[in-house]
Amino acid sequence: MEELPSKKAIVIGAGLAGLVSALSLQKAGITVTLIDQRKQVGGLCGTFRLDNREFVIACNDFGKGLVKLLRELGVNFPFNNKKSSVFYRGQWFNAAPDLKMLWQLRSEWRNVFSLLGGIIAQQFPHRTPQSIEKFANRLTSAGAVNDLSKLISYFMGVHPSDIQTSFFGLDGKYNYGYTTMACPIGGPQAMADAIADVFLQQGGKLLLNTRYTKHNKQGNHFYAEINDGESRIVEADYIVDTREQRSLYPADSKRGLPLSMLCLAVKNEFPYPENTHTLTYFEPDVSHWFGKLDQGIQPEHFGFHVFKSDLVPNTDNTYTLNLYFYLPRGVNQLEDGKRTIYSEYLLNRLEKLLPGINNHLAYRRLLTPDDFVALHGLSSRVMPFIVSREKPHNSSSEAGYFYAGHSVYPPGEHAGAAALSGALVAQKIISEKTLFNTETSVGGHHENAHQQA
Ligand SMILES: Cc1cc2nc3c(=O)[nH]c(=O)nc-3n(C[C@H](O)[C@H](O)[C@H](O)COP(=O)(O)OP(=O)(O)OC[C@H]3O[C@@H](n4cnc5c(N)ncnc54)[C@H](O)[C@@H]3O)c2cc1C
């Protein structure tokens with residue numbers, strides 16, 4: 000039987016969504032060209048060098064769902080499991096609720112039982128989601144239980160009234176597995192490079208320093224214009240676009256706050272707690288201080304979080320830490336004097352998390368949201384747009400053109416969701432291609448079982 004010519008796809012963006020999508024398609028026999036405007040793959044899941052030291056760009060810990068997805072794609076990259084802890088009113092709590100936490104909160108047992116009851120009731124079908132702010136305030140009085148139940152909003156960069164209780168159920172619904180944190184051994188860049196290596200071994204084509212600009216369509220064929228210094232046209236049957244899809248959201252959509260980052264280098268002799276990833280300094284009354292941030296006002300007290308990167312130690316015998324915090328909404332740049340004030344606030348509180356660290360600091364540099372964009376060409380928003388219902392669909396109005404990445408379906412606002420979006424789009428294309436090739440059906444959109452959850 001005569002072989003049908005292979006279908007071709009262009010994947011725009013080699014972040015986690017693009018890498019997973021490109022590899023899935025290439026493995027299914029589609030000829031894929033993966034392009035990224037940056038000089039390396041990984042997008043937010045990567046590393047960069049700052050004054051001769053290596054730092055994680057953004058994302059460094061994942062759920063076990065991603066580990067499974069990579070294994071299924073033949074990427075046998077090593078991870079280790081680490082825990083994360085929260086420092087709140089002078090006490091350490093495990094970030095994932097556990098029995099020890101219940102014991103620590105025993106003086107607030109009424110709040111604990113009320114909240115647990117509310118969470119169980121929320122699992123019943125047809126329960127209308129409500130904001131975490133309303134949910135927590137309805138069930139608990141002010142205090143530790145109330146605050147800790149809103150922790151997730153801090154990590155997403157949104158006020159507790161802007162995130163829904165349905166967020167709690169996503170981990171189980173989409174098997175993200177974030178209750179067991181998996182950290183790539185050697186860091187996120189090594190993980191992203193490993194995915195790209197398998198993609199290349201499968202015959203995929205990777206074009207770095209190459210920007211997609213536009214496309215047109217003639218018949219069933221796309222002609223995409225790309226630019227690597229010179230403009231060229233690439234032809235394809237499918238396009239997977241993993242760029243942030245602003246146009247799919249209402250123009251007045253509220254956005255999550257961008258993170259700012261204090262980059263620190265610490266002398267190797269200072270030990271970071273073993274088997275621990277993120278340490279969070281969580282100030283009481285997150286609704287109050289996050290509310291101020293949201294109004295563009297600097298609160299007197301605010302929280303932050305920090306992690307040690309698992310990268311090769313620097314040549315000056317230091318390791319690097321990322322410390323993240325939020326500036327007030329609308330403040331994306333700081334003058335030198337303010338940078339010093341913020342750094343001092345943060346380092347003073349960091350001492351409570353890691354006593355003695357200030358005597359072992361070899362380097363510090365603050366990156367504002369604008370600095371982050373200037374360095375990486377990427378946004379430091381964990382939640383690009385605040386959504387209270389479904390995220391935009393990953394099919395476009397143009398047949399053969401799909402969206403993936405963290406601004407579209409499925410919900411989750413982390414790398415696990417971005418990777419899953421890449422895998423789901425690939426499944427859609429593969430099922431369309433199969434239907435075309437066996438001529439059992441004509442083209443158009445075939446809903447994926449996962450698609451409209
Ligand atoms: C500061 C921060 C910390 C985070 N920490 C975590 C964490 O610890 N765990 C977690 O699970 N999630 C975390 N997240 C979320 C996670 O990083 C993202 O959800 C995920 O990495 C998004 O992947 P993506 O592929 O959709 O997008 P990106 O990683 O942004 O990749 C998109 C790619 O598209 C490229 N691109 C854009 N336009 C073009 C163009 N015109 N032509 C060619 N290429 C283009 C970009 O260069 C980029 O490489 C964090 C996010 C931030 C901002």
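Just so we're aligned, residue 0 is where the sequence shown starts under numbering that gives the first Met the number 0, counting upward by one. A virtual CB, placed ideally from N, CA and C, is assigned to each residue, including glycine.
By the neighbour-count criterion, in which 16 or more other beta carbons inside 10 Å mark a residue as buried, Leu68 falls on the buried side.
8 Å or more divides the Cβ of Asp240 from the Cβ of Lys6. Beyond the five residues adjoining it in sequence on each side, Gly117 comes within less than 8 Å, by CB distance, of Phe134, Arg137 and Leu138 in the same chain, given in chain order. Straight-line measurement puts the Cα of Tyr325 at about 8 Å from the Cα of Gly156.
Between the alpha carbons of Lys427 and Ala373 lies a gap of roughly 35 Å.
CA-CA distance, Ile34 to Tyr153, rounds to 33 Å.
Residue pairing for Cys182: DSSP places it in a beta bridge opposite Asn79. Contact check for Leu261 against Leu365 passes: the beta carbons are separated by less than 8 Å.
In terms of Cβ geometry, Gln103 and Phe92 form a close pair [threshold 8 Å]. A distance criterion of 7 Å places the beta-carbon of Arg210 in contact range of ligand 1, judged by its closest non-hydrogen atom. Val85 is the residue among Gly376, Thr127, Tyr400 and Val85 whose C-alpha sits nearest the C-alpha of Leu349. Our two residues, Phe61 and Glu53, have alpha carbons roughly 20 Å apart in a direct line. When beta bridges are read from the DSSP output, Asn93 appears opposite Ser84.
Val10 and Ala27 do not touch by the CB rule: their CB atoms are close to 13 Å apart, not below 8 Å.
Within the chosen limit of 7 Å, ligand 1 reaches the beta carbon of Ser379 through at least one heavy atom.
Remark: the shortest separation between the CB of Phe61 and any heavy atom of ligand 1 falls under 7 Å. Sixteen is the threshold: when 16 or more other Cβ atoms of the shown chains lie within 10 Å of the Cβ of Thr46, as they do, the residue is buried.
Collapsing the DSSP output to three states places Leu258 in a strand.
In the structure shown, the three-state DSSP call for Glu132 is helix. Taken atom to atom, the span from the alpha-carbon of Val144 to that of Ala120 is near 18 Å. Within the same chain, Cβ atoms closer than 8 Å to the Cβ of Val407 are found at Gln244, Leu247, Lys390, Pro391, His392, Asn393 and Ser420, the five residues on either side in sequence being excluded.
Within the stretch 277-352, the complete beta strand (DSSP E) segments of 3 residues or longer fall at 303-307 and 317-325, listed in chain order. A residue is called buried when at least 16 other Cβ atoms come within 10 angstroms of its Cβ; His125 does not meet this threshold and is exposed. Under DSSP, Asn215 shares a beta bridge with Tyr222. Scanning Leu345, Ala398, Val197 and Gln294 for the CA closest to the CA of Leu263 turns up Leu345. Approximately 19 Å separates the beta-carbon atoms of Asp50 and Tyr341; this is outside 8 Å, ruling out the contact.
For Asp170, the three-state secondary structure derived from DSSP is helix. Taken in chain order, the unbroken stretches of alpha helix (DSSP H) that lie wholly in the stretch 381-441 and span 4 residues or more are 414-437. For His413, the Cβ falls inside the 7 Å cut-off from some heavy atom of ligand 1.
If you ignore the 5 residues before and after Asp161, its C-beta comes within less than 6 Å of the C-beta of Ile385, all in its own chain and listed in chain order. The DSSP-derived three-state label of Arg137 is helix. Looking at the DSSP output, Arg231 sits in a beta bridge with Ile225. Within its own chain, the residues whose Cβ lies closer than 7 Å to the Cβ of Gln90, once the five positions on either side in sequence are excluded, are Gln103, listed in chain order.
Here Ala414 really is in contact with Cys44; their C-beta atoms are around 6 Å apart, less than 8 Å. Apart from sequence neighbours up to five positions away, the residues of its chain that approach Pro77 with a beta-carbon distance below 6 Å are Ile184, ordered along the chain. Per the coordinates, the alpha-carbon of Ser23 lies some 36 Å from the alpha-carbon of Asp97.
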